[in-house]
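Colleague:
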Amino acid sequence: MLIRNVAVLVVPEQGECRVDEAQDIHIQADRITAITPTTAGGPTDGEVIEGTGLVAVPGLINSHTHSPMVMMRGAAEDLSIEDWFNQRIWPMEVNLTPERVRVGARLACAEMLLAGVTTFVDHYFHADQIAAAAIESGIRADLAPTYFSSAGADGINAAIDTTRELSRLHPRITASLGPHATNTVTDDDLRRTAEIARAEGFRIHLHAAETDDQTQASLDSYRVTPIQVLERTGVLDAGALIAHGCGIRHDDLPILQQYADRTAVASCPKVYLKLAMGEVTPIKGLRSAGVHVGIGTDGAAVHNTLDVWEAIRMVALTQKQREHDAEWMPLSDTLRLATRGSAAAAGLKNQVGVVEPGRQADIALVDLSAPHNQPVHDPRAALVYSVRASDVVTVLVAGKVVVRDRQLTMMDLVEVLADAKSLAHTLVDLSKGGAIQHYAP
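Per my numbering, the sequence shown starts with residue 92, numbered consecutively.
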C-alpha cells in the first residue's frame, strides 16, 4: 500500500515537532516500511491512497476510557462527583449485561475510529464483549477487566482469568489487570494483583489519587497517599497505568520517579472540569520525574464524547491555567503527549504513536481545508487547537483501511446506531434500586 503525496506529522522524542510536506508513506502488511519524498511516476503496485491536501498523523490513542459507557451519555449531568457515582452511574451499572456492553462498545469503536482514534485503553466489565467489538471494527485495544474487592474471590478470579484469555485472543488485543482503585480494592487484593502481574507479564490499569480529596482521605484514614499504597503493595514495581492522578502530591513524585520506566498516568481533563474536581493531573511534575503521561477521555457518561482531539486541546489549556504559564505545554509537547505519551500509556511504546518506518501502520489522514482550520499558519496549531473529529478522512489500523472517505469499512454504522438506540433506555433505568458500589473519597 502507498499513501501518496501527503504531509506527515513528525514527532521526535525531544524538540520541536514538524510537518513534512509531499511525502509518500510505504506500507507492507501491518507496518510502515519507508517514508520518501513524493516523486512523479512513483511505484503504483498495490493500493494507492491519495493524500494530496491531507496531513498524516499517528493514529490517536485514547489512553483511558470506559467505552461501553457511551450508552449513558447525557444521563448524569450537573452533579457533584459523589452524586454522579452514587445516584446515577453505579446504580445504572446494576443493569449491565454482556449484550448491552457489546452494543455500547460497538458504538464507542465506531465513534473513535471515525475521529481518528486507532487504539483505546479500556477499563470495564464484560471485557470479552468489548474485545469482540474491537475485533469486528478493526480498532486496536488494551483491555482491563474491572473488579472491586466487594466482588469477592470468585469475582476477582473471573476478571483475572478474562485478562489471561484476552491476552491470547487477537493480535490487535492486549490485556491488563484491572483492579478498580486504591479505595475500592484492598491492599491484600492489590498485592495479589501485583504478584500475578509480575509472574505473568501483565500490566496493571487502575484509578489512583483521582482527586485531592481522595488523597487527603487516604492520609486521614491510613496515613499514606494512594501512590504510597501502590508502592507498598507492589503495583508500581509490577508496572501500572494510573488513571487521572489529580491528587498526586509533590512528595509522591520521588516515589513515581523510581518506577518511571514502567509507570504512566492518563489525564482526562474535561472530566475534572465538569465534575469540579478542583485539580487536574500535575503533568509538569510528572514529566520532571520522567513519568510518561497520556491523554484520554474517560467514559462518555461524563466526558460526553470519546473525542481525543477535544481532550488534547483541553490538556494544553488546563495545564497552562494550572501552572499560570502561557508558555508551558507548547504545541510540540502537547502533540508528543498525545502520540508518544499515549502510546507509552497503552503499553505500546515501540509499536504505535509515531509515523515512522518499522512502526505499526496506524495512521489518520486529516483534512485541514475547513473554515475552522483556515488559514493554516502552523499545522501543529491547527492539530492542537482547531481540528474536529469530522476532519478525519481516512484511518488505517495495522495497515488495513478501517475508515475510507469518512465511512466505516468494517461495521454498518446504521446498524450500530439502531442497536444502541434500542437498548440505551435499559441501561439508564434506575427502577431496580441498588448499586454496584458506593463512592466515598
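Think of the CB as a built atom: it goes at the ideal place given N, C-alpha and C, for glycine as much as any other residue.
In this text, all values refer to a predicted model and were calculated from it rather than measured experimentally.
Quick check: is any heavy atom of the ligand NAP less than 6 angstroms from the C-beta of V101?
Modeller: Absence of the ligand NAP from the depicted structure is noted, as is the absence of any ligand whatsoever, leaving it without description.
Colleague: Which one or two residues does DSSP pair with R95 in a beta bridge?
Modeller: By 1-based counting over the sequence shown, the position of residue 95 is 4. R95 pairs with E141.
Colleague: Using three-state DSSP, classify F176 as helix, strand or coil.
Modeller: If you number the sequence shown from 1, residue 176 lands on position 85. Correct three-state label for F176: helix.
Colleague: Between which two residues does the beta strand (DSSP E) holding P45 run?
Modeller: In the structure as shown, the chain starts at 92 and stops at 532, and residue 45 therefore has no counterpart that could be examined.
Colleague: Which residues mark the beginning and the end of the alpha helix (DSSP H) in which I339 is found?
Modeller: Here residue 339 refers to the residue found at position 248 of the sequence shown. Per DSSP, I339 belongs to no alpha helix (DSSP H) and is neither H nor E.
Colleague: Can you tell me where the beta strand (DSSP E) with D213 in it begins and where it stops?
Modeller: Translated into the one-based positions of the sequence shown, residue 213 becomes position 122. Unbroken beta strand (DSSP E) run through D213: 208–215.
Colleague: Reducing DSSP to helix, strand and coil, say where K365 ends up.
Modeller: Position 274 of the sequence shown, counted from the first residue, corresponds to residue 365. Note: K365 maps to helix in three-state DSSP.
Colleague: Report the residue ranges of all alpha helix (DSSP H) runs contained in full by the segment 250–304; include only those spanning at least 4 residues, in chain order.
Modeller: 278–291
Colleague: So, at 7 angstroms on beta carbons, what are the nonlocal neighbours of A391 in its own chain, with the 5 sequence-adjacent residues on each side left out?
Modeller: As a first step, residue 391 must be located in the sequence shown, where it is residue number 300. Excluding its 5 nearest sequence neighbours in each direction, A391 has C-beta neighbours in its own chain below 7 angstroms: M160, V161, R164, L397, listed in chain order.
Colleague: Less than 7 angstroms separating the beta-carbons of M420 and A407?
Modeller: What you label residue 420 is simply residue 329 of the sequence shown in a count that begins at 1. What you label residue 407 is simply residue 316 of the sequence shown in a count that begins at 1. In this structure, A407 lies closer than 7 angstroms to M420 by Cβ.
Colleague: To the nearest angstrom, how far is the alpha carbon of D453 from that of F293?
Modeller: By 1-based counting over the sequence shown, the position of residue 453 is 362. By 1-based counting over the sequence shown, the position of residue 293 is 202. If I take the Cα positions, the gap works out to 23 angstroms.
Colleague: Going by beta carbon distance, what residues of the same chain come within less than 7 angstroms of R179, once the five residues before and after it are set aside?
Modeller: By one-based count along the sequence shown, residue 179 stands at place 88. Around R179: A166, A167, L170.
Colleague: Can you grab the Cα-Cα spacing for the pair W538 / L268, in whole Å?
Modeller: Nothing can be reported for residue 538: it is not among the residues displayed for the chain, which extend from 92 to 532.
Colleague: Mind the definition here: the segment 413–431 touches the segment 221–228 only if three or more C-beta pairs lie below 8 angstroms; say whether that holds.
Modeller: no
Colleague: Assuming A266 contacts L257 (C-beta within less than 8 angstroms), just tell me the rounded distance between them.
Modeller: Mapped onto the sequence shown, residue 266 falls at position 175. Mapped onto the sequence shown, residue 257 falls at position 166. The Cβ separation is near 4 angstroms, so the contact holds.
Colleague: Output yes or no for whether 7 angstroms exceeds the beta carbon distance between T324 and R282.
Modeller: Position 233 of the sequence shown holds residue 324. Position 191 of the sequence shown holds residue 282. In contact: T324 and R282 (Cβ atoms closer than 7 angstroms).
Colleague: Just how far apart, CA to CA, sit Y238 and H217?
Modeller: By 1-based counting over the sequence shown, the position of residue 238 is 147. By 1-based counting over the sequence shown, the position of residue 217 is 126. Y238 and H217: Cα-Cα distance of roughly 11 angstroms.
Colleague: Could you give the first and the last residue of the continuous alpha helix (DSSP H) run that contains S154?
Modeller: Position 63 of the sequence shown, counting from 1, holds the residue named residue 154. Taken as a continuous stretch (DSSP letters only), S154 belongs to no alpha helix (DSSP H), being part of the beta strand (DSSP E) at 151–156.
Colleague: Going along the chain, which residues of its own chain have a beta-carbon closer than 8 angstroms to the beta-carbon of S460, five neighbours each way excluded?
Modeller: Start at 1 with the first residue of the sequence shown, and residue 460 comes out as number 369. The residues G144, in chain order, have a CB closer than 8 angstroms to that of S460 in the same chain once the five nearest residues on each side in sequence are set aside.
Colleague: Is the beta carbon of P317 less than 7 angstroms from the beta carbon of T302?
Modeller: Position 226 of the sequence shown, counting from 1, holds the residue named residue 317. Position 211 of the sequence shown, counting from 1, holds the residue named residue 302. In this structure, P317 sits away from T302, with a CB-CB distance that is not shorter than 7 angstroms.
Colleague: Can you tell me whether A242 is buried or exposed? The criterion is at least 16 other CB atoms within 10 Å of its CB, across all chains shown.
Modeller: Position 151 of the sequence shown holds residue 242. Buried, since its Cβ has 16 or more Cβ neighbours within 10 Å.
Colleague: Would you mind giving the Cβ-Cβ distance between P345 and I123, rounded to the nearest angstrom? I have them listed as a contact below 8 angstroms.
Modeller: What you label residue 345 is simply residue 254 of the sequence shown in a count that begins at 1. What you label residue 123 is simply residue 32 of the sequence shown in a count that begins at 1. Contact doesn't hold; Cβ gap of about 38 angstroms is too wide.
Colleague: Can you give me the Cβ contacts of L151 inside the same chain, cut-off strictly under 6 angstroms, excluding the 5 residues immediately before and after it?
Modeller: One-based indexing of the sequence shown puts residue 151 at position 60. Shown here for L151: same chain residues with a beta carbon closer than 6 angstroms to its own, the five before and five after excluded, namely G207, V208, V399 in chain order.
Colleague: Which residue marks the beginning of the alpha helix (DSSP H) containing R535, and which one marks its end?
Modeller: Because residue 535 is not part of the residues shown, which for the chain are 92 to 532, the question remains open.
Colleague: Taking buried to mean at least 16 other C-beta atoms within 10 Å of its own C-beta, is D233 buried or exposed?
Modeller: In the sequence shown, counting from the first residue as 1, residue 233 sits at position 142. Its Cβ being crowded by 16 or more others within 10 Å, D233 is buried.
Colleague: Applying the criterion that 16 or more other CB atoms from any shown protein chain within 10 Å of the CB defines a buried residue, is K512 buried or exposed?
Modeller: On the sequence shown, position 421 is the one that residue 512 refers to. Classification for K512: exposed.
Colleague: Entirely within the segment 414–459 and at least 3 residues each: give me those beta strand (DSSP E) ranges in chain order.
Modeller: 454–458
Colleague: Could you round the C-beta distance between P149 and A526 to whole angstroms and report it? I think they count as a contact, below 8 angstroms.
Modeller: Mapped onto the sequence shown, residue 149 falls at position 58. Mapped onto the sequence shown, residue 526 falls at position 435. In fact, because the Cβ distance is near 39 angstroms, the residues do not count as touching under 8 angstroms.
Colleague: Using DSSP with H/G/I as helix, E/B as strand and the rest coil, what is A380?
Modeller: Reading the sequence shown from its first residue, position 289 is the one you call residue 380. Coil at A380, not helix or strand.
Colleague: Between L518 and G246, what straight-line distance do the alpha-carbon atoms span, to the nearest angstrom?
Modeller: Numbered from its first residue, the sequence shown carries residue 518 at position 427. Numbered from its first residue, the sequence shown carries residue 246 at position 155. Near 21 angstroms, if we compare the C-alpha coordinates of G246 and L518.
Colleague: If you compare alpha carbons, which of A300, T253, D469 is closest to T275?
Modeller: Against the sequence shown, residue 275 aligns to sequence position 184. Of the candidates A300, T253, D469, the one whose C-alpha sits nearest the C-alpha of T275 is A300.
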